[in-house]
Amino acid sequence: MSVRVVLLGPPGAGKGTQAAKIKEKWDAAHVSTGDILRDNVKEGTQTGLLAKSYMDAGRLVPDDVMIDMIRSRLSRGDAAKGGFILDGFPRTPTQAAALDRILEEMGLRLDAAILLEVSDDEAVRRLSSRRVCQDCGAIYNIIARRTKEEGVCDVCGGSVIQRDDDQEGVIRDRLMVYRERTSPLIDYYADKGLLHRVDGTRSSDAAMLTLESIVAG
Ligand code: ADP
Ligand code: ZN
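In structure tokens, the structure reads:
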């Protein structure tokens, strides 16, 4: 049984955390475009150099770059055969249309688009207290989920830092970008009958449980 799902929701909704739960249950590929971009920045690739200024400002990286990235990632065996959880893609109507085309070419279709809903205040609270492992991407929080040792990842021993775009000013910009460019996708997926709403302030199993009931029919 494989699942193919899009996670929608503002920054801070918990997409990464919920994606990890779904991955654990179904062994689908967790495809986070934010993680892929940050890896590219770290490695200094051409894509990374181009993306960095957009990311630091909380703006969207151009659609053509993102669409090429997703096309090549989804064609890899794990995602093509074992299913996938898209976390951070699509973020614009153009990206959503491209995803439909890519899946059609591959003879695949989405099972669901799960929308994680949280208020702006809650999103800002979470993002400004979020910390991430630079090496393995594990997510921590200085209020709710601290590392055992200050600044050191519990999982891999890597260094745990605050993302440049998790500063309050940039967070507000990211929320605005979400509202203007990404939130139209809610109607897009609702029209296709694929949208499922989940309260993002509930347990971090919520998206997984919703998906479970969708897949079970
Ligand atoms: P969050 O969901 O917490 O805002 P992500 O890690 O998903 O953060 O993304 C970080 C940044 O990477 C975004 O602010 C944006 O600049 C860029 N990015 C990620 N995914 C996309 C995408 N699908 N389209 C355009 N830009 C993207
Ligand atoms: Zn780590």
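In the numbering used here, the protein residues as written are 1 to 217. Where is the CB? At the ideal position from N, CA and C, for every residue including glycine.
In DSSP terms, what residue i is bridged to
i	result
Gly251	Residue 251 cannot be examined here, being either before or after the span of the chain that is shown, 1 to 217.
Glu104	Partner(s): none; Glu104 has no beta bridge.
Arg145	Asn141
Ile114	Leu7, His196
Arg130	Asn141
Ala29	Phe84
Val152	Glu149, Ser159
Residue i Cβ short of 7 angstroms to ligand 2 heavy atom set
i	result
Val155	yes
Asp135	yes
Ala20	no
Ala80	no
Gly34	no
Gly158	yes
Ala13	no
Ala138	yes
Heavy atom of ligand 1 within 7 angstroms of residue i beta-carbon
i	result
Asp100	no
Tyr54	yes
Arg109	no
Arg59	yes
Gly200	no
Asp165	yes
Leu50	no
Gln95	yes
Pro90	yes
Met176	no
Span separating the alpha-carbon of residue i from that of residue j
i	j	result
Glu223	Leu7	No information on residue 223 is available, as it lies outside the stretch 1 to 217 that the chain covers here.
Ala218	Gly44	The structure shown has nothing for residue 218, since the chain only spans 1 to 217.
Gly157	Arg197	36 angstroms
Gly173	Tyr140	Reading off the sequence shown, one finds Asp at residue 173, where the question assumed Gly. Their backbone Cα atoms lie some 22 angstroms apart in a straight line.
Val218	Asp111	Coverage of the chain is limited to positions 1 through 217, which leaves residue 218 absent and any answer about it impossible.
Gly193	Thr182	18 angstroms
Arg73	Val31	8 angstroms
Met55	Gly151	23 angstroms
Arg59	Val177	7 angstroms
Val5	Leu86	6 angstroms
Met208	Gln18	7 angstroms
Arg91	Leu108	20 angstroms
Val124	Glu104	37 angstroms
Ser75	Ile142	37 angstroms
Gln134	Asp187	35 angstroms
Asp39	Gly48	8 angstroms
Gly77	Ala138	24 angstroms
Ile22	Gln46	32 angstroms
Contact belief for residue i with residue j at Cβ below 8 angstroms, rounded distance in angstroms
i	j	result
Asp71	Ile102	Sequence check: residue 71 is Arg here, not Asp. With 8 angstroms as the limit, Arg71 and Ile102 qualify as a contact, their Cβ atoms being about 5 angstroms apart.
Ala13	Leu99	That belief does not hold up - the Cβ atoms of Ala13 and Leu99 are roughly 19 angstroms apart, past 8 angstroms.
Asp68	Thr94	With 8 angstroms as the limit, Asp68 and Thr94 do not qualify as a contact, their Cβ atoms being about 13 angstroms apart.
(request) Could you tell me whether the segment 119-133 touches the segment 159-171, using the rule of 3 or more Cβ pairs below 8 angstroms? (result) yes
(request) Tell me, please, whether the segment 142-151 touches the segment 19-34 by the rule of three or more beta-carbon pairs shorter than 8 angstroms. (result) At 8 angstroms Cβ cutoff, the stretches do not touch.
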